[in-house]
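Residue numbers (our numbering), protein chains in the order written: chain C, 3 to 101; chain Y, 3 to 101.
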């Protein structure tokens, strides 16, 4: 199983706004082939640090989604001002090797 | 839901050994109250970078497990030489805020 990890940073006073935006996400990705699940994690110590984790049966399906119109639509729903305040600190590509 | 993230580093030539150790883990944690699941992720770009992710209904249950005899037993099963080669780079405490 492939895991995509996006580490995001926002000013702490905008963290609630970003969490709210994730909670009302369009869920277009959920119907994509190979999609397993998506969670957003927030650091206990630093509320401005969030990690978006999506799991896929195979990395190719993730790449396919990233190039899709649905991904563009989902991203475009984010308020422009909030979007400008989000910094993508790190993007990681991993695979599940044990459980 | 609480998420514990342990970022581990091993020399790349010992990564397979660490993965094998995780695959034959004692699974004592699985029976603990509040335990949801555990996965080990390996970086695609850097095989020596691994993340152990465990999810719990509540952080208190995780803390309880960390102080338990079962955790000690599980840890003690790791080969001493391999254990000495593992560096815990970062420990993160997070909560699921959206999915």
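Beta carbons are placed, not taken as given, at the ideal position from N, Cα and C, and that holds for glycine.
Residue range 89-100 is occupied by the beta strand (DSSP E) that includes residue 91 of chain Y.
Sequence-distant Cβ neighbours of residue 17 of chain C in its own chain, meaning closer than 6 Å and more than five residues away, are 49 and 50.
Pairing residue 54 of chain C with residue 95 of chain Y, the inter-Cα distance amounts to about 15 Å. Taking C-beta atoms as the reference points, residue 42 of chain C and residue 98 of chain Y count as a pair closer than 9 Å. Residue 5 of chain Y and residue 61 of chain Y have their C-alpha atoms roughly 8 Å apart.
Contact of residue 43 of chain Y with chain C is assigned, a C-beta pair being separated by under 9 Å. Counting other Cβ atoms within 10 Å of its Cβ, residue 52 of chain C reaches 16 or more and is therefore classed as buried. Contact with chain C is absent for residue 11 of chain Y, since none of that chain's Cβ atoms lies less than 9 Å from the residue's Cβ. Under DSSP, residue 45 of chain Y shares a beta bridge with C:96. The residue among Y:92, Y:40 and Y:66 with its C-alpha nearest the C-alpha of residue 57 of chain Y is Y:40. By the Cβ neighbour-count rule, residue 10 of chain Y is buried, with 16 or more other Cβ atoms within 10 Å of its own. In this model, residue 89 of chain Y and residue 12 of chain Y are separated by some 6 Å (Cα to Cα).
Measuring C-alpha to C-alpha distances from residue 14 of chain Y to each of Y:36, Y:75 and Y:87 identifies Y:87 as the nearest. Per the DSSP secondary-structure output, residue 6 of chain Y pairs in a beta bridge with Y:56 and Y:95. Around the beta-carbon of residue 20 of chain Y, 16 or more other beta-carbon atoms lie within 10 Å, marking it buried.
Judged by their CB atoms, residue 27 of chain Y and residue 76 of chain Y are nearer to each other than the 9 Å cut-off. By the neighbour-count definition (other C-beta atoms within 10 Å, threshold 16), residue 7 of chain Y is a buried residue. Under the criterion of beta carbons closer than 8 Å, residue 34 of chain Y and residue 67 of chain Y qualify as touching, at roughly 5 Å.
Residue contact with chain C for residue 38 of chain Y: absent (no Cβ-Cβ distance below 9 Å to any residue of chain C).
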